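Undergrad: Questions regarding the structure given below will be posed in turn.
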Amino acid sequence: MSLASTGSELADRITREELLIGGATALFLAAVAGAVAGGLLESAFVVSSLAFAPVILLLALGLNVQWGYGGLVNFSVAGFFAVGAYSTAVLTNGSDPHGLALHPAVGLVAAMAVSAALALAIGLPTLRLRADYFAIATLGFAEIVRLIVLNEGWLTNGGLGVFGIPVLFEAGVLSGPAELLNTTPRNVGNVLIGFLAVAVVFLVLRRVQSSPWGRVLRTIRADEDVGQALGKNTYRFKLQAFVLGSVIMGVAGFYFAHYLRAITPGAFEPIQTFYVWVAVILGGSGSNRGAILGGFAVVLILRGTRLVNNPVGAIETLLNAPIDVLDRLLFSVAVDFRLSLGLDLNQDALRLLLIGLLVIAIVRLRPQGLLPPQREHIWPAALGGGGDAPEEDRE
Amino acid sequence: MSTASYGYDGGDLEKPDQVLTVENLRKEFGALIATEDVSLAAERGSITGLIGPNGAGKSTLFKLISGFYEPDAGSVTLNGTDITGWSPDRIARRGMTRTFQTPRRIEGMTVRENMLVGPQNQAGESILSTMFRPGRVTRDERANLERAADLLELFELDHLADEPATDLSGGQFKLLELARAMMVEPDVLLLDEPVAGVNPALAEDLATYIERLNRERELTIFIIEHDIDFIMELADPIVVLDQGRVLTEGSPETVRTDDRVMEAYLGGGGES
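These protein sequences, in sequence, are chains A and B.
Letter by letter, the first sequence follows residues 6 to 400 of the working numbering.
Letter by letter, the second sequence follows residues 245 to 516 of the working numbering.
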């Protein structure tokens, strides 16, 4: 049997993980749809959550290039996110403090170019060093970005933030679907544009990952010496991965700025970096689909917690349900106590608690993530397939 | 540093058609002199065995030659080009690659993928080509897949092509490493303990493969090996390293009967 044919058979087979994850996703979507139809969940909330999701998905895809492919520890996700957001915000806002009001396309190019330039500036001197020094440098960069944004008021308007950032896509055609979903055309437009960006990035990355370039990066991640012994200029490959990932993070920032239309430094706290790390590790480092899946899980926690107004109360109600039943059965004679957790937990704390529990769960139960890469990455066109299997003809 | 009571001959630098020449190589780590003064040469198409007691500086010498360490003094010449101080990847592209003493497994890659890391100048190693010249990428990848299949067949690993490389036994992985190094198409191959931890039957196989590569592809090979019988069978000449210097060089017979070699191994040597 030729090597090529066994490879394509493997590619055609759906793995157990894919089946499980696919099934769970379908169930979840059905549950959401049911909740919306049954009036338990507002469709506007779902749409606005979907409009936010591309931010985390793009950041996770970007980090996956750096950490998942190449093993680069970048603690500056929030930094590049902010760079992308402020690059477009400064150029395109129509009011404070610049009023340049340039087209968002200019903003996109600027967000990508500035992210790339800064990634080069950090990567060039530090990627030759040991991995831990590089990680420290990125941590420092995120802090520098935050301080510049806070203090260079002439450029960023400081703590007040930049307002009047234009909407990306808001046309008459959107008003129909918007009305149907009980939301604004702007939200619908954002969902479309956001997921278009995710799709483009995903397709580009899938191609890049199955190329020899992706293979060299995976070699570097496993053992840089092997890559060097096999003639690969590992420094150059790491630099390219770092720049590519950072540009994608810059695009996330671009989308975020236009989605919110107003940005303040508070949106780029270091915690954002770790949300994205959780997304990538949860999904399965090195897997693009995993980054998407993990990204959605994080969005679910970030947005879903908003539905819980009184988390402690909700948990207490749940715990007390059997006691209530007992109470009713006994006609309120015997049982006159209720459990109280004695906790004060707001939504922010609940969010962190859930993220923390999630991290513990991944590390304990499934360190490789939910959907790690499922099959070998070989340039698909070279494996023949699609009728003209040249490998087999020759053998 | 102690001076041995016996004299150091140094390597034979007078060989014809030298593909690799090492002259007065030196490497210090603080007060420790790992490689004091090593000179040796390899004739094209030869198999040179590098032996010596623990701490003689064999692995350090390999790292110096292959570019993983930068020498403090001396020079390395490959095919007439001075490659002293070059990075390992540049040296590999110039025609010399190495394997490692401990198995370096690439997680999450199949045997076949491992093989595909080897080829040089693949079009698909450029992101731009993957986007704008996919046809060239496909052509290269096809050619490399075919070459990988041939080599895996040669090394009798073809039935494992789709297996994760992490599932191979120690011996099979040594074979894969050798096959992967051949994907680089080197002129000179440095093998660091190719049969360490490999069962005798597979060690014999490895010897056969190494001999065959040497014969059929005019490959020049340097081998560090602790298994004296293995290396005496395979290599000629044998270079004996001791305390960071070349003690002697010669055919297996001359080395075997040299009293100084025995003395070096038994840790006799000189008074400090």
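Ideal Cβ placement from N, Cα and C applies to all residues, glycine included.
Every value quoted in this text rests on a predicted model; they were computed, and no experiment measured them.
Under three-state DSSP, which class holds B/Ala405?
TA: The residue you call residue 405 of chain B lines up with position 161 of the second sequence. Coil.
Undergrad: Based on the DSSP secondary-structure assignment, which residues constitute the bridge partners of B/Glu267?
TA: Taking the second sequence and counting its residues from 1, the one referred to as residue 267 of chain B is at position 23. Paired residues: B/Ser319.
Undergrad: Does chain B have any CB closer than 9 Å to the CB of A/Pro372?
TA: Residue mapping note: residue 372 of chain A aligns to position 367 of the first sequence, counting from 1. With 9 Å as the cut-off, A/Pro372 does not count as an interface residue toward chain B.
Undergrad: A/Thr11 to B/Glu397, Cα distance in whole Å?
TA: Taking the first sequence and counting its residues from 1, one reaches residue 11 of chain A at position 6. Taking the second sequence and counting its residues from 1, one reaches residue 397 of chain B at position 153. Annotation note: pLDDT 48 at A/Thr11 (below 50); position unreliable, coordinate value reported separately. So the alpha carbons of these two residues sit roughly 15 Å apart.
Undergrad: Taking the beta strand (DSSP E) that B/Val432 belongs to, which residues open and close that run?
TA: As a first step, residue 432 of chain B is located in the second sequence; it is residue number 188 there, counting from the start. Start and end: 432-436.
Undergrad: Using DSSP's beta-bridge definition, name the partner residues of B/Gln262.
TA: Mapped onto the second sequence, residue 262 of chain B falls at position 18. In the DSSP output, where bridge partners are listed per residue, B/Gln262 has B/Glu287.
Undergrad: Could you work out which residues of chain A lie near B/Phe312, taking near to mean beta carbons separated by less than 9 Å?
TA: Your numbering for residue 312 of chain B matches position 68 in the second sequence. By Cβ distance, chain A contributes Asp230, Gln233, Ala234.
Undergrad: Just the chain A side, please: which residues come within less than 8 Å of B/Thr341 by C-beta, in chain order?
TA: If you number the second sequence from 1, residue 341 of chain B lands on position 97. The answer, in chain order, is Ala234, Leu235, Gly236.
Undergrad: Please list, in chain order, all residues of the same chain as A/Ala262 whose beta carbon is under 6 Å from its beta carbon, the five residues on each side excluded.
TA: Start at 1 with the first residue of the first sequence, and residue 262 of chain A comes out as number 257. Correct list, in chain order: Ala90, Thr93, Ala94, Ile170, Ile268.
Undergrad: If you run the structure through DSSP and keep just helix, strand and coil, what is B/Ile350?
TA: Looking up residue 350 of chain B in the second sequence gives position 106. In this structure, B/Ile350 counts as coil in the three-state DSSP scheme.
Undergrad: In chain order, what residues of the segment 344-364 of chain B put their CB closer than 9 Å to some CB of chain A?
TA: Those would be Phe344, Arg348, Arg349, Ile350, Glu351, Gly352, Met353, Thr354, Arg356, Glu357, Asn358, Leu360, Val361, Gly362, Pro363, Gln364, in chain order.
Undergrad: By DSSP, does B/Asp503 sit in helix, in strand, or in coil?
TA: Along the second sequence, read from residue 1 onward, the residue named residue 503 of chain B stands at position 259. Helix, per DSSP.
Undergrad: Does DSSP classify A/Thr239 as helix, strand or coil?
TA: Counted from its first residue, the first sequence places residue 239 of chain A at position 234. Helix.
Undergrad: Pull up the DSSP beta-bridge partners for B/Arg489, would you.
TA: The residue labelled residue 489 of chain B in the question sits at position 245 within the second sequence. In the DSSP output, where bridge partners are listed per residue, B/Arg489 has B/Asp281, B/Asp486.
Undergrad: Measuring alpha carbon to alpha carbon, tell me which of A/Gln245, A/Asp353, A/Val368, A/Pro377 ends up nearest A/Leu298.
TA: Taking the first residue of the first sequence as 1, we reach residue 298 of chain A at position 293. For A/Leu298, the nearest C-alpha among the options comes from A/Pro377.
Undergrad: Taking A/Arg223 as the query, report the chain B residues whose CB atoms sit under 9 Å from its CB, ordered along the chain.
TA: In the first sequence, the residue the question calls residue 223 of chain A occupies position 218. Under the 9 Å cutoff, chain B gives Ile350, Glu351, Gly352, Met353, Glu357, Val361.
Undergrad: For B/Leu294, which of helix, strand or coil comes out of DSSP?
TA: Numbered from its first residue, the second sequence carries residue 294 of chain B at position 50. In this structure, B/Leu294 counts as strand in the three-state DSSP scheme.
Undergrad: Would DSSP call A/Leu46 helix, strand or coil?
TA: The residue you call residue 46 of chain A lines up with position 41 of the first sequence. Reduced to three states, the DSSP call for A/Leu46 is coil.
Undergrad: How about B/Ser331: is its C-beta nearer than 9 Å to some C-beta of chain A?
TA: Looking up residue 331 of chain B in the second sequence gives position 87. With 9 Å as the cut-off, B/Ser331 counts as an interface residue toward chain A.
Undergrad: Whole angstroms are fine: how far does the CA of B/Asp436 sit from the CA of A/Ser7?
TA: Residue 7 of chain A sits at position 2 when you count from the first residue of the first sequence. Residue 436 of chain B sits at position 192 when you count from the first residue of the second sequence. Any answer about A/Ser7 is weak, because its pLDDT of 44 lies below 50 and its placement is not dependable; what the coordinates show is given next. Each residue's alpha carbon lies about 32 Å from the other.
Undergrad: By Cβ distance below 7 Å, which residues in the same chain neighbour A/Val221 in space, the five residues on each side in sequence not counted?
TA: On the first sequence, residue 221 of chain A is found 216 positions in, with the first residue counted as 1. Gly232, Lys237, Phe242.
Undergrad: Among all the DSSP beta bridges, which residues are the ones paired with A/Thr30?
TA: Counting from 1 along the first sequence, the entry for residue 30 of chain A is found at position 25. Note: A/Thr30 sits in no beta bridge, so no partner.
Undergrad: Quick check: what's the CA-CA separation for B/Gly324 versus A/Arg371?
TA: Against the second sequence, residue 324 of chain B aligns to sequence position 80. Against the first sequence, residue 371 of chain A aligns to sequence position 366. Their Cα atoms are separated by approximately 53 Å.
Undergrad: Quick check on B/Phe399: does DSSP put it in helix, strand or coil?
TA: The sequence position of residue 399 of chain B within the second sequence is 155, counting from 1. The answer is coil: DSSP assigns B/Phe399 none of H, G, I, E or B.
Undergrad: Rank B/Leu446, B/Gly296, B/Arg270, B/Phe417 by C-alpha distance to the C-alpha of B/Thr502 and give the top, closest one.
TA: As a first step, residue 502 of chain B is located in the second sequence; it is residue number 258 there, counting from the start. Here the sequence assigns Asp to residue 502 of chain B, which means Thr is not the residue at that position. Ranking B/Leu446, B/Gly296, B/Arg270, B/Phe417 by Cα distance to B/Asp502 puts B/Gly296 first.
Undergrad: Using the Cα positions of A/Gln210 and A/Arg223, report the straight-line distance between them to the nearest angstrom.
TA: For the purposes of this step, residue 210 of chain A is taken as residue 205 along the first sequence, with counting starting at 1. For the purposes of this step, residue 223 of chain A is taken as residue 218 along the first sequence, with counting starting at 1. According to the sequence displayed, residue 210 of chain A carries Leu and not Gln. For A/Leu210 and A/Arg223, the distance between alpha carbons rounds to 14 Å.
Undergrad: Please classify A/Val368 as buried or exposed, where buried requires at least 16 other C-beta atoms within 10 Å of its C-beta.
TA: Sequence index remark: in the first sequence, residue 368 of chain A carries index 363 (1-based). With fewer than 16 Cβ atoms within 10 Å of its Cβ, A/Val368 is classed as exposed.
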